[in-house]
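Going left to right, the first sequence walks through residues 1 to 191 as full-length UniProt numbering numbers them.
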Amino acid sequence: MSWTDERVETLKKMWGEGQSASQIAKELGGVTRNAVIGKVHRLGLSNRTTTSTAKSDAKPKTAKAEPKAKAAPKADAAPKAVMPIAEPTTPPPPPSRARRAIIPAGQPLPPQPSANEISPEALAKVSEVEKKSKKIGLMELTERTCKWPVGDPATEDFWFCGLPVKAGKPYCEAHVGVAFQPMSARRDRRR
DNA sequence: CCCTGATTCGC
DNA sequence: GCGAATCAGG
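Quick look at the structure:
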């Protein structure tokens with residue numbers, strides 16, 4: 001496969017949307033995530049503030065025998081005024097509601113943690129995922145199983161999602177979606 | 001172990 | 001220009 005205009009455009013679009021390289025690669029097909037990343041770099045639209053591997057130190061196998069004199073470390077302590085973009089997530093509502101089990105088993109309490117008004121799409125996705133969930137018990141939770149609780153802790157109708165977590169996060173992709181709101185779709189909660 | 005992006009370098 | 005191999009981090 002080659003990088004046709006269309007493909008490049010899809011790449012740009014998805015990358016812009018914050019899609020991961022692997023997702024993009026999967027979408028495009030015929031390419032690996034490496035190819036995608038490589039292309040992204042060549043296109044110049046790389047840094048998206050992610051795995052800030054701002055290391056200028058990459059040592060490939062074949063050590064380049066270039067005793068390059070290291071540039072003197074900049075003494076300019078640029079006062080990085082990083083600030084704004086740091087409020088993207090809203091980790092409010094997840095799960096674990098240690099509610100007193102005084103609730104009539106199987107009655108009125110579907111109030112899923114965040115079933116308020118998260119993005120409908122996200123919720124829909126969650127519902128979908130719940131069907132596929134492994135329905136694992138507390139004991140089966142591991143470092144990489146989604147720890148999103150499903151059902152009512154007060155009943156037998158309770159389990160954990162158990163799907164593979166999304167790199168680093170405690171939940172699977174779908175649940176990360178509802179746990180970490182992008183910050184929009186959240187305004188307007190005035191009662 | 002899973003995933004992520006970043007970089008290098010032979011092609 | 002391309003992307004596998006590799007690196008580095010979560």
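Glycine is no exception: its CB is placed at the ideal position from the N, C-alpha and C atoms. No experiment lies behind these values; they were computed from the predicted model shown.
Span of the alpha helix (DSSP H), counted from its first residue to its last, around residue i
{"i": "Gly18", "result": "Where Gly18 is concerned, there is no enclosing alpha helix (DSSP H), given that its DSSP letter is neither H nor E."}
{"i": "Ala174", "result": "173–179"}
Exposed unless 16 or more other CB atoms sit within 10 angstroms - verdict on residue i
{"i": "Ile41", "result": "Note on residue identity: the sequence assigns His, not Ile, to residue 41. It counts as exposed."}
{"i": "Thr142", "result": "exposed"}
{"i": "Ala179", "result": "buried"}
{"i": "Ile137", "result": "Contrary to the premise, residue 137 reads as Gly rather than Ile in this sequence. The residue in question, Gly137, is exposed, as its Cβ has fewer than 16 Cβ neighbours within 10 Å."}
{"i": "Leu43", "result": "exposed"}
{"i": "Gly162", "result": "buried"}
{"i": "Leu11", "result": "buried"}
{"i": "Ser133", "result": "buried"}
{"i": "Lys147", "result": "buried"}
{"i": "Gly18", "result": "exposed"}
{"i": "Ser56", "result": "The predicted model places Ser56 with a pLDDT of 42, which falls under 50 and marks its position as unreliable; any figure quoted below should be read in that light. Exposed, by the Cβ-count rule."}
Terminal residues of the beta strand (DSSP E) in which residue i lies
{"i": "Val36", "result": "Here Val36 belongs to no beta strand (DSSP E); instead the alpha helix (DSSP H) covers 33–42."}
{"i": "residue 221", "result": "The displayed coordinates of the chain run from 1 to 191. Any statement about residue 221 would go beyond what the structure contains."}
{"i": "Trp159", "result": "158–160"}
Sequence-distant residues of its chain with Cβ nearer than 7 Å to residue i (five each side left out)
{"i": "Arg7", "result": "Leu28"}
{"i": "Ala25", "result": "Val31, Thr32, Arg33, Ala35, Val36"}
Beta-carbon contacts of residue i that lie in its chain and below 6 Å, excluding the five residues immediately before and after
{"i": "Asp157", "result": "Gly151"}
{"i": "Lys135", "result": "Trp159"}
{"i": "Lys169", "result": "Val176"}
{"i": "Ala21", "result": "Arg33, Val36, Ile37"}
Beta carbon of residue i nearer than 8 Å to that of residue j
{"i": "Gly30", "j": "Met1", "result": "yes"}
{"i": "Arg144", "j": "Val176", "result": "no"}
{"i": "Lys15", "j": "Leu45", "result": "Reading off the sequence shown, one finds Trp at residue 15, where the question assumed Lys. Contact flag set, yes."}
Cutoff 8 Å; reference residue i; Cβ partners in own chain excluding five residues on either side
{"i": "Gln23", "result": "Met14"}
{"i": "Cys172", "result": "Val129, Cys146, Trp148, Cys161, Leu163, Pro164, Val165, Lys166"}
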